[in-house]
Amino acid sequence: MALIICQDCNKEISDSAENCPFCGRPMSTGIKCPNCKSTKVEKISASSKIGSALVLGVFSVGKLTKTYQCKDCKFRW
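Mapping of the sequence shown onto our numbering: residues 130 to 206, in sequence order.
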């Protein structure tokens, strides 16, 4: 078992925890990667999309049109 940081309260918790024991945040989004079936999925933030657009311009279209990214295989959809 490894420790991960809760995104809401910034405390270390077990990576196998369903919810954060400190703030109650659910650790699983219920969304699975269509490529590798992993549940370690994060939503691509608007600030990340804007930063990519400013830095990469037209080459960032692949990131701008996607909503989620897998933390394991880096697949975006």
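Beta carbons are placed, not taken as given, at the ideal position from N, Cα and C, and that holds for glycine.
Within 9 Å, strictly: CB atoms of residue i and residue j
{"i": "Ile-207", "j": "Cys-149", "result": "Not covered by the structure: residue 207. The range shown for the chain is 130 to 206."}
{"i": "Thr-196", "j": "Ile-179", "result": "no"}
{"i": "Lys-169", "j": "Lys-140", "result": "no"}
{"i": "Ser-157", "j": "Glu-147", "result": "yes"}
Range of the contiguous alpha helix (DSSP H) that encloses residue i
{"i": "Lys-160", "result": "First, the amino acid is wrong: residue 160 is Ile here, not Lys. Per DSSP, Ile-160 belongs to no alpha helix (DSSP H) and is neither H nor E."}
{"i": "Lys-172", "result": "Unbroken run through Lys-172 is the beta strand (DSSP E), 170-172; no alpha helix (DSSP H)."}
{"i": "Val-187", "result": "Element bounds for Val-187: n/a, residue is neither H nor E."}
Chain-order list of residues whose beta-carbon lies under 8 Å from that of residue i (same chain, five-residue window excluded)
{"i": "Gly-191", "result": "Arg-205"}
{"i": "Ser-181", "result": "Ser-189, Lys-192, Leu-193"}
{"i": "Leu-132", "result": "Glu-141, Ile-142, Ser-143, Asp-144"}
{"i": "Cys-202", "result": "Cys-162, Asn-164, Cys-165, Ser-167"}
Residue interval of the beta strand (DSSP E) (run including residue i)
{"i": "Ser-143", "result": "141-143"}
{"i": "Cys-207", "result": "Nothing can be reported for residue 207, as the shown portion of the chain is limited to 130 through 206."}
Contacting residues, own chain, Cβ-Cβ under 7 Å from residue i (five flanking each side not counted)
{"i": "Pro-163", "result": "Trp-206"}
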